[in-house]
Structure formats: C-alpha cells, structure tokens
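Please read the structure below before turning to the comments.
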Amino acid sequence: MSEMPNAKSSPEEIPRVHKRLDKLKPWQRALFVRFYAGRPDWADGIHRAAAFFLEHGRAGRILDLGCGVENRITNYLARAHRGIVGVDLDPRAAENPAIAEFHLFDGRELPFADGSFDTVFSNMVLEHVDDVDLHFREVFRVLRPGGRYLLNTPNVYHYAMLVSRFSPHWFHQAILGFVQAKPERDPYPTYYHCNTAREIRALARRTGFGVIAVLTTESEPSYLWFNPLLFVLGVAYERLVNATDQLAFLRSALHVGLEKPRH
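For the sequence shown, the numbering used here assigns the number 4 to the initial residue and increments by one for each residue that follows.
As structure tokens, this is what we get:
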C-alpha cells in the first residue's frame with residue numbers, strides 16, 4: 004500500500020494564507036498583514052491540515068468523514084486523488100463538489116462494509132462526537148489492514164476551546180456568528196470527550212490503532228478578530244506557544260495520524 008500520490012497537489016502548492024484580505028476591515032487587514040501574511044515562513048491552519056493529510060495518507064479508496072457542504076482541505080486532497088467518498092449527517096453535503104460519492108450518516112454506524120477504505124480523514128469532527136469509542140471502532144472497522152485514520156481537531160487546552168467547552172451552545176454560536184459572520188458555521192453541539200493528545204493516544208490503544216503522528220499547531224487568533232487589543236494579545240499567545248515545544252500542549256489544533264495493523 005503506497006503513500007497518497009501528490010503529483011497534482013503537494014504541500015508546496017497549497018497557498019500559505021487562505022483569508023480573503025479584501026473581506027477584512029482596515030485595522031484587521033493591517034494587523035493580519037503585519038503579523039502573518041507578510042511573513043514568508045507563515046502557513047495558516049488550512050495549509051497545515053491539508054499538508055498533514057497529504058503527507059500521511061494512503062493511496063487507494065479514501066473517505067471524508069464529515070465532509071460538509073464545502074471543505075477547502077478536501078478540495079486539495081481531491082486534486083491528488085479522484086473519487087473521494089464523503090459521509091455526513093447533513094444531506095446538503097451531497098452538494099460538496101470535491102466529493103465523488105456521497106452517503107448519509109446517522110452519526111453512529113458508518114454505512115460501509117468492513118475493510119472498505121485505505122484512508123479515512125476527518126476535519127474538525129471529533130469534538131462533535133459523543134460516543135468516541137464507537138467512532139474509533141467504526142473507523143477501524145471500515146479501514147483495510149495498514150489503512151490510516153487522519154484527523155484534525157481542536158485541542159481542549161486552548162483558550163478558545165475552554166471558552167467553548169464551558170459556555171452554552173447558543174453562546175458559542177453567537178460568538179462564531181459575530182466573529183466569523185457565519186451563524187451556521189458550526190451547527191452541531193460540541194462535547195470534547197477526546198480532545199487532548201493523551202486522550203487520543205489512549206483511545207487509539209483501546210480500539211486497536213497504532214499512532215504514527217501527533218502534531219500540535221497554533222495559527223492566527225481568528226476568535227479574537229472583533230477587538231484589536233485582544234487580537235494583539237492573541238498574537239502574543241501564538242508567538243509564545245510556538246516558541247517552544249514545552250508549550251505545545253497549549254496550541255489550538257491537533258493533527259493525528261493513526262494506523263490499523265496489517266495483521
């Protein structure tokens with residue numbers, strides 16, 4: 004089983020920055036360019052997640068678990084591999100242009116036979132899963148021997164996730180709608196039952212997976228766009244946690260690669 008081909012989409016070909024500068028207010032644009040877009044070594048969260056999936060994915064049949072109506076990460080993977088299968092709770096996700104085949108999902112049992120896929124990936128899905136043991140067992144079941152589960156999920160130790168975790172869902176939705184102007188961006192409740200590196204490693208062991216990679220990343224403080232002072236404080240936090248791996252457990256995102264044993 005080979006690694007995922009990347010002739011049509013490699014990490015180097017993925018744009019470093021995806022934020023539309025023309026959509027920002029003048030002060031937001033000035034701060035973003037100063038601290039991020041103007042840095043040649045900077046790459047945002049979309050770039051990092053897509054690059055991680057391209058690096059660690061297996062060639063063959065690929066499942067996007069929680070594909071959504073649109074997902075820029077899936078768009079990059081579709082350039083490297085045609086025929087991505089998508090599954091989601093929302094029937095509107097069938098409209099996702101990067102998905103070649105769509106299946107509706109009840110949130111528990113995946114509608115596929117055992118050993119159907121070489122790679123399963125999910126982007127910002129695990130935090131919405133209530134029964135994480137069942138979730139991992141189902142992914143394990145539909146993977147072929149040697150297949151991989153690649154996931155990107157928030158780290159619950161990050162300040163934005165702490166606010167989300169201990170606030171009502173309506174408050175979380177209101178903040179997202181105000182900051183990102185997308186009131187329907189995150190319509191599903193969040194549970195954060197398995198959103199630390201330690202918890203994911205333990206769950207992987209319980210369900211039979213081997214761990215091939217765990218990477219933590221911190222991107223620009225998008226949650227703090229509504230206030231210049233808070234945004235600058237968020238930049239200071241980003242610089243601090245990215246300065247040393249001793250603070251890696253406080254970074255915002257977890258990129259995890261798991262593998263089903265071959266025997």
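Ideal Cβ positions, reconstructed from N, Cα and C, are used throughout, including at glycine. Predicted model only: the values in this text are computed from it and were never measured.
The C-beta of Leu129 has 16 or more other C-beta atoms within 10 Å across all chains shown, which makes the residue buried.
A Cβ-Cβ contact shorter than 9 Å links Gly149 with Arg61.
Going by DSSP, Phe35 is part of the alpha helix (DSSP H) stretching over 29-35. In the three-state reduction of the DSSP assignment, Pro148 falls in the strand class. Close CB contacts of His161 within its chain, under the 6 Å cut and outside five residues either way in sequence, are with Ser255 (chain order). For Glu104, the enclosing beta strand (DSSP E) covers residues 104-107.
Closest in C-alpha terms to Ala96, from the list Pro264, Glu73, Glu202, comes Glu73.
The straight-line gap separating the alpha-carbon atoms of Glu141 and Pro114 is approximately 10 Å.
Judged by beta-carbon spacing, Ala101 lies within the 9 Å limit of Thr77, meaning their Cβ atoms are closer than that value. Here Gly211 has Phe143 as same chain residues with Cβ atoms under 6 Å from its own Cβ, once five neighbours each way along the sequence are excluded. Check the Cα spacing between Glu241 and each of Thr220, Asp134, Val166: the tightest is with Thr220. Under the DSSP assignment, Leu68 falls in the beta strand (DSSP E) whose first and last residues are 65-68. Note that the C-beta distance between Phe120 and Cys70 is not below 9 Å. According to DSSP, His258 shares a beta bridge with Asn155, Leu218. By the Cβ criterion, the stretch 220-230 is in contact with the stretch 38-47, since at least three pairs of Cβ atoms, one from each stretch, lie closer than 8 Å. Just so you know, the alpha carbons of Arg64 and Val88 end up roughly 8 Å apart. Non-local beta-carbon contacts of Gly86 in its own chain, meaning distances under 6 Å to residues more than five positions away in sequence, involve Ala103 in chain order.
His138 and Asp25 have their C-alpha atoms some 40 Å from each other. One thing to note: Asn198 has its Cβ within 9 Å of the Cβ of Pro157. In the structure shown, Thr122 adopts extended strand secondary structure according to DSSP, grouped into three states.
When Leu250, Gly110, Arg147, Asp91 are compared, the shortest CA-CA separation from Asp117 is found for Arg147.
In the three-state reduction of the DSSP assignment, Arg204 falls in the helix class, which pools H, G and I. As the crow flies, the alpha-carbon of Arg265 is around 41 Å from that of Tyr226.
Boundaries of the beta strand (DSSP E) around Val90: 88-91.
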